[in-house]
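Residue numbers (the working numbering): 125 to 440.
A quick write-up on the structure given underneath.
Here you go:
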């Protein structure tokens, strides 16, 4: 592995024009950018950026903006943010201005862990001088707002080595009695249980739930609630059951027709590349019968494709 200084040198090309005096121009080529930046962690990319700035006397992010365009630029600039900065920016983009991108907002808030949400809130305030909880509450309404705000509060219990079978049974019964068993749905009870219990606990609750309800948890959600509330609870339940399979399904949705939904594809690959992208690749292959890399190759092209494939790594 080359050092950050060597990487910065590779990214920097210096030239001077005869007779122009001491004037330097610095430019970056796409293949070098892809080769170096997609194969490093965020902390290593920051070291490279610092080394580049010292050597070139120019901000590397600004240089990248000048050198790149289109989908490749979106990927590379996303990689130059920390995971929490990237998530905070994506959330901000989903609620900024007229209208709300509910799909993105739901995906981001319902799929992040407690510790990730705590960090996202902190970074969101640093970047935008606003409270994430207030922005989410102001841009949504009703039970949809209550569910997302409950997630942003990050009150989910930590996983415990002790399995409380009585509590598992109580929660499973409460989910059934506040939903399928009655006319209408006691949504606040669902919100409380599904945003405050640990993930391992809820996995056991969902399993136990089947002994009370004729439907599993996802089927019950589809029957009991509608619209954005349904979408949010479904993402939450899918991530509780198998988060990597949830992202594999989202990637499949992004590429199931001709071409690709590049915004969705980029967001998932960039946001998960240092979290669990290898596991997502494994789930994708197991569930859809072909590798994520092969699917990306079929639905994307050029330097954008090269960057995504590099982030995914080789097929296993």
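Yeah, the Cβ is synthetic: ideal placement off N, Cα and C, and Gly gets one too.
Taken in chain order, the complete alpha helix (DSSP H) segments of 4 residues or longer contained in the region 191-217 are 194-203. Judged by pairs of C-beta atoms under 8 angstroms, the region 370-384 does not touch the region 279-294, as fewer than three such pairs exist.
In this structure, the alpha-carbon of residue 303 lies about 8 angstroms from that of residue 311. Contact annotation: residue 235 and residue 436 have beta-carbon atoms that are not nearer than 7 angstroms. Note on geometry: alpha-carbon atoms of residue 164 and residue 397 lie some 10 angstroms from one another. Counting along the chain, no alpha helix (DSSP H) covers residue 254, and no H or E run does either. Judged by DSSP secondary structure, residue 327 falls within the alpha helix (DSSP H) whose first and last residues are 323-333. Between the region 264-275 and the region 245-256 there are fewer than three inter-stretch CB-CB distances shorter than 8 angstroms, so the stretches are not counted as touching. Close CB contacts of residue 275 within its chain, under the 6 angstroms cut and outside five residues either way in sequence, are with 233, 319 (chain order). For residue 428, the enclosing alpha helix (DSSP H) starts and ends at 426-436. Taking a C-beta distance under 7 angstroms as the contact criterion, residue 336 and residue 296 qualify as a contact pair.
About 15 angstroms separates the CB atoms of residue 219 and residue 247; that is not less than 8 angstroms, and the two are not in contact.
If you check the CB distance, residue 158 and residue 430 come in under 7 angstroms. In this structure the region 169-186 does not touch the region 214-231; the number of beta carbon pairs closer than 8 angstroms is below three. In the three-state DSSP reduction, residue 405 falls in the helix class (H, G or I).
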